[in-house]
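Offset between the sequence shown (1-based) and our numbering: plus 42.
Inspection log for the structure reproduced underneath, given as structure tokens.
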Amino acid sequence: MSIRRLSGKERYIDILVYALLIVWGALIIFPLLYVLMTSFATEKEFLTRGFFILPREWTWDAYLYLLANDSFSQSFMNAVIIAAIGTAISISATTLMAYGLSKTWLKGRSVMNFMVVFTMLFSGGLIPTYIVIKEFGLIDTFWSLWLPGAIAPFYLIVMRSFFSSIPYELEESARVDGCGEWRMFFTIMLPLSKASIATFVLFYMVGYWTTYFSALIYLNDSDLWPLQVFLRQMLVLNLDMEQSSSVFQQEIVYTPGVKMAAIVVSALPMMVIYPFLQKYFNKGLMLGSVKG
43 MSIRRLSGKE
53 RYIDILVYAL
63 LIVWGALIIF
73 PLLYVLMTSF
83 ATEKEFLTRG
93 FFILPREWTW
103 DAYLYLLAND
113 SFSQSFMNAV
123 IIAAIGTAIS
133 ISATTLMAYG
143 LSKTWLKGRS
153 VMNFMVVFTM
163 LFSGGLIPTY
173 IVIKEFGLID
183 TFWSLWLPGA
193 IAPFYLIVMR
203 SFFSSIPYEL
213 EESARVDGCG
223 EWRMFFTIML
233 PLSKASIATF
243 VLFYMVGYWT
253 TYFSALIYLN
263 DSDLWPLQVF
273 LRQMLVLNLD
283 MEQSSSVFQQ
293 EIVYTPGVKM
303 AAIVVSALPM
313 MVIYPFLQKY
323 FNKGLMLGSV
333 KG
């Protein structure tokens, strides 16, 4: 088997593409590397050296400070609760509704499918949504973050398409053996859709973990703030969250090392979880996208 040699033009194009990829990769990696390395630097080094990558003196003081900070620990636990329970609610609601909409005999199926697509194109708006959440008494509760975005329409459509692509003969043979709808869903459909579910678990989890704007609007009690809102207070406002749950009485200037360490800690959970779900990523997206 002969290998075709690249022409001069093709070789130049390849060189250009690789050069652009290297520059693009450096632009992505450099900020991450800077945040990670400077989180181990001392406060004195920030004041004397200015901009640097590798610290001369390595210290864990910034991370120890965060561990001793009750407000940071509380916001971290809030973020874990919001992400864990929110992901469980969203993936359960998405798979159940997608399974129902995949049945052609379901009455009102076309209307419900239209409503799903409609929500992808139009939203209720910030003020009407806030009024609805307030009328339901969800302000200052985690439910204000879970319920409004419990189902992502795009994920629902992909899951519905996957369930529709499963051969009907498989369901018929299961029903002949006395399998009901609930047993069909849990013992046949869910195992077959493991890759798609793992992919959307990752998407939902990242969405809940990084929630900021909704928490800033609906959670007035600082004891309920997730990690992203705490980071905003730390990095932008530099306010001491330990003085009061509602009124900030004393300003505090966090050192750059503490700020960098807080960013590293906030990104760490998703970096740990992603490798375990990565193998399902491409497969999970493709499974439900081959049939409309």
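Glycine included, each C-beta is placed from N, C-alpha and C at the ideal position.
For residue i, would you say it is in contact with chain D, using Cβ-to-Cβ distances shorter than 8 Å as the test?
i, result
"Ser165", "The structure shown contains no chain D, having only a single protein chain."
If I follow the unbroken alpha helix (DSSP H) through residue i, where does it start and stop?
i, result
"Met302", "Pro298 to Leu319"
"Arg98", "Segment: none, Arg98 is in no alpha helix (DSSP H) and carries neither H nor E."
"Gln116", "Asp112 to Leu143"
"Pro190", "Here Pro190 belongs to no alpha helix (DSSP H), and DSSP marks it neither H nor E."
"Leu212", "Tyr210 to Val218"
"Trp224", "Glu223 to Met226"
Quick check on residue i: does DSSP put it in helix, strand or coil?
i, result
"Asn262", "coil"
"Tyr254", "coil"
"Trp267", "coil"
"Phe82", "coil"
"Phe164", "coil"
"Ala68", "helix"
"Phe184", "coil"
"Leu106", "helix"
"Phe178", "coil"
"Gly249", "helix"
"Leu148", "coil"
"Ser235", "coil"
If contacts are defined as beta-carbon pairs under 8 Å, then residue i and residue j qualify, I think. What distance do you get, rounded to the angstrom?
i, j, result
"Ile181", "Ile175", "6 Å"
"Ile124", "Pro268", "5 Å"
"Val271", "Tyr260", "Not a contact, Cβ separation roughly 11 Å."
"Trp251", "Met312", "6 Å"
"Phe88", "Pro317", "That pair is no contact at about 32 Å."
"Leu266", "Asn111", "Not quite, the Cβ-Cβ distance comes to about 17 Å (not below 8 Å), so this is no contact."
Please go through the same chain and pick out, in chain order, the residues whose beta-carbon is closer than 8 Å to the beta-carbon of residue i, but skip the five residues on each side of it.
i, result
"Leu109", "Ser115"
"Leu198", "Thr136, Met139, Ala140, Leu143 and Val158"
"Val243", "Thr129, Ile133 and Leu319"
Can you give me the Cβ contacts of residue i inside the same chain, cut-off strictly under 6 Å, excluding the 5 residues immediately before and after it?
i, result
"Phe118", "Leu269"
"Leu75", "none"
"Met247", "Ala125 and Thr129"
"Trp100", "Phe82"
"Trp188", "Gly128 and Ile131"
"Glu213", "none"
Can you find the residues in the same chain that come closer than 7 Å, C-beta to C-beta, to residue i, ignoring five residues on each side of it along the sequence?
i, result
"Asn155", "Leu143"
"Leu277", "Lys301"
"Met162", "Pro195 and Phe196"
"Glu85", "Thr297 and Gly299"
"Val306", "Val77, Leu78 and Ser81"
"Ala216", "Met226 and Ile230"
Taking 8 Å as the threshold, find out whether the region 185-192 comes into contact with the region 124-133 through three or more Cβ pairs.
-> Contact between the region 185-192 and the region 124-133 is present, because at least three Cβ pairs lie under 8 Å.
So does the region 300-309 actually touch the region 75-91, counting three or more Cβ pairs closer than 8 Å?
-> The region 300-309 vs the region 75-91: in contact.
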